[in-house]
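One structure below.
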Amino acid sequence: MDKTATLSVENVTKRFDDFVAVDSLSFEVRPGRVFGFLGPNGAGKTTTIRMIVGITAPDEGTIALFGEHMSPRLQDRIGYLPEERGLYKKMKVVDQLRYFAALKGVDRAEADKRIDKWLTRMKLEDWRTKRTTDLSKGMQQKIQFISTVLHDPDLLILDEPFSGLDPVNVEFMIEVLAELREREKTIIFSTHLMETAERLCHDILLINRSRKVAGGSLREVKESYGRDRIALRATGAEAVIAGHADVEKADEHADAVYLQMRPGADAQRLLHDLVAAGATISRFEQVEPSLNDIFIDQVGGGI
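Using this note's numbering, you'd call the opening residue of the sequence shown number -12 and step up by one each time.
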């Protein structure tokens, strides 16, 4: 176990009767990093998060936070946004936030300062005295997020933080998380939005069917998949692509065709054959796989 890691999970297994929800899972989260915890529904992400925050205990393995086993003192250093939201429907926004702040030991005067700051940042200052039932689902999600960060935790754990948000508010929340990243907060979040994870994460862990299938820094994971894809924009290339021995498959996008090359294929040979066939080429570029490509490759058969 790395004593300097914010979180260390070692060989953790969790069973529910005969069902193995998490199977011998190990990973570490380093301080000041954004860690993407990724996988399809039912992969074991939420179960793992619940073990990390102490809601349930692993059947096997160990979990350490800040180099120690979980305790009430350590829980105060965590901000946890669960997938299932938990606001009180009839309570006013400001009263709910004061209550959640008090649970984490923030006094009333300091809590009010932080509440004003965060309501303004989240563009909800006019909703301060409204009840939860008066808020849209997206607004409720923002209030729940504020309750997660009010006590200024060292570690944020966000389970599907973009759920219930429209595209505009997803982009807004990405900006807020980027600000926390710049403050070197350690952030763990699960999401199905691979493009969002690719924008925010330093490191990722991809699990499927309760087991780890890929992990490490985003750069390491992408480099491990090589650069065997070609982005091609051309006219007169269809016949060459369709019959070429080096091309495994072709995916048409709006602005280009993405070619998956066979193992050991020679991209320069394909380029030579396209030119020889008289194709007019405006783009021919070797590209690394996106996180979404890796996700589909690893878990596509298990969704």
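For glycine and all other residues, C-beta sits at the position ideal for the given N, C-alpha and C.
The structure displayed is predicted, hence computed values, not measured ones.
Quiz item: Which residues share a DSSP beta bridge with Y245?
Solution: A218, D238
Quiz item: Buried or exposed: I281, going by 16 or more other Cβ atoms within 10 Å of its Cβ?
Solution: buried
Self-check item: Residues that R270 bridges to, as DSSP identifies them
Solution: R220
Quiz item: What's the call for R206, buried or exposed, on a 16-neighbour Cβ count within 10 Å?
Solution: exposed
Quiz item: Helix, strand or coil for R37 per DSSP?
Solution: helix
Practice problem: Could you say which of I174, Q128, D242 lies nearest to L74 if we only look at CA atoms? | Solution: Q128
Self-check item: Per DSSP, cross-strand counterpart(s) of E47
Solution: T0
Quiz item: Whose C-beta lies closer than 7 Å to the C-beta of N279 among residues of the same chain, with five residues either side of it excluded?
Solution: M181, E182
Quiz item: Just reading off the beta strand (DSSP E) that T173 is part of, what are its end residues?
Solution: 173 to 177
Practice problem: Drop a sphere of 10 angstroms on the beta-carbon of I290, count the other beta-carbons inside from all chains shown, and report buried for 16 or more, exposed for fewer. | Solution: Summary for I290: the model assigns pLDDT 43, below 50, so the residue's position carries little reliability, and this model does not support an answer.
Self-check item: the stretch 55 to 74 in contact with the stretch 135 to 150 per 3-pair CB rule at 8 Å
Solution: yes
Quiz item: Beta-carbon separation of L187 and V21 under 7 Å?
Solution: yes
Quiz item: Should A184 go down as buried or exposed, given a rule of 16 or more other Cβ atoms within 10 Å for buried?
Solution: buried
Quiz item: Exposed or buried, Q83, counting other C-beta atoms within 10 Å across all chains shown (16 or more means buried)?
Solution: buried
Quiz item: Can at least three beta-carbon pairs, one atom from the stretch 218 to 233 and one from the stretch 257 to 272, be found at a separation below 8 Å?
Solution: yes
Practice problem: From the DSSP output, in three-state form, read off T142 for me. | Solution: This sequence places Leu at residue 142; Thr is not what is there. Note: L142 maps to strand in three-state DSSP.
Exercise. Could you check the C-alpha separation between F176 and L192 for me, to the nearest Å?
Key: 10 Å
Quiz item: Residues in its own chain within less than 7 Å of M109 by CB, not counting five upstream and five downstream?
Solution: K129, I133
Quiz prompt | First through last residue of the beta strand (DSSP E) which encompasses A8 | solution = 6 to 16
Quiz item: Among the residues of its own chain, which have a CB less than 7 Å from the CB of A254, if the five just before and after it don't count?
Solution: I217, M248, Q273
Self-check item: Collapsed DSSP secondary structure at L(-6) in the structure displayed
Solution: strand
Practice problem: Report the rounded CA-to-CA distance for V136 versus E166, giving the unit in angstroms. | Solution: 13 Å
Exercise. Select from L106, R2, S197 the residue whose C-alpha is nearest the C-alpha of V163.
Key: L106
Quiz prompt | Close-in-space but distant-in-sequence residues of the same chain around A302 (CB under 6 Å, 5 per side omitted) | solution = Only positions -12 to 290 of the chain appear in the structure, and residue 302 is not among them; the question remains open.
Quiz item: In this structure, does DSSP put N156 in helix, strand or coil?
Solution: helix
Self-check item: Opening and closing residue of the beta strand (DSSP E) in which S204 lies
Solution: 198 to 204
Self-check item: Beta-carbon gap between V(-1) and V9 smaller than 7 Å
Solution: yes
Self-check item: Limits of the beta strand (DSSP E) - the one that I42 falls within
Solution: No beta strand (DSSP E) holds I42; DSSP gives it neither H nor E.
Self-check item: Pair within 7 Å by beta-carbon distance, D190 and S204
Solution: yes
Quiz item: In terms of DSSP beta bridges, what is E55 paired with?
Solution: L52
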